[in-house]
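Each residue of the sequence shown is one higher than the one before, starting from 4 at the first, in the working numbering.
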Amino acid sequence: MYIKNTKVFLTQCESVFVNYIFTHSGNCNINDFTKYFSTIYGRVVSKKCVVVEINRLRRKVITQTGYDFLKSRYGYGYTIRY
4 MYIKNTKVFL
14 TQCESVFVNY
24 IFTHSGNCNI
34 NDFTKYFSTI
44 YGRVVSKKCV
54 VVEINRLRRK
64 VITQTGYDFL
74 KSRYGYGYTI
84 RY
């Protein structure tokens, strides 16, 4: 993935999340994504595990590019910050 002309390498979980959020108009309900990710992964994945992976993605992108592309919405999930 490229952000501000910087290549950011993504893990499989991170790439699934980025693909999901871009195909859902920049919005991600955390409960819906947890169900979606559980079906892809083939076993039940907890909401906390998903939140940790998303926070690792945010930290990785911020350290490499200096740009925070996600905005968390309390009680809902995440949106893309343009």
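For every residue, glycine included, the Cβ atom is placed at its ideal position computed from N, Cα and C.
Asked                                                                                                                                                           : Found
Buried or exposed for residue 65, please, with buried defined as at least 16 other CB atoms from any protein chain shown within 10 angstroms of its CB.         : exposed
Starting from the Cα of residue 79, find the closest Cα among 57, 23, 34 and 19 and give me that residue.                                                       : 34
Give the DSSP-derived three-state secondary structure of residue 8 in the structure shown.                                                                      : coil
Taking residue 90 as part of the beta strand (DSSP E), name the residues at either end of that continuous run.                                                  : The requested residue 90 does not occur in the structure, where the chain is confined to residues 4 to 85.
Kindly give me the distance between the Cβ atoms of residue 42 and residue 50, rounded to whole angstroms, as I take these residues to be in contact under 8 Å. : 15 Å between Cβ atoms; not a contact.
Give the range of the beta strand (DSSP E) segment to which residue 76 is assigned.                                                                             : 73-76
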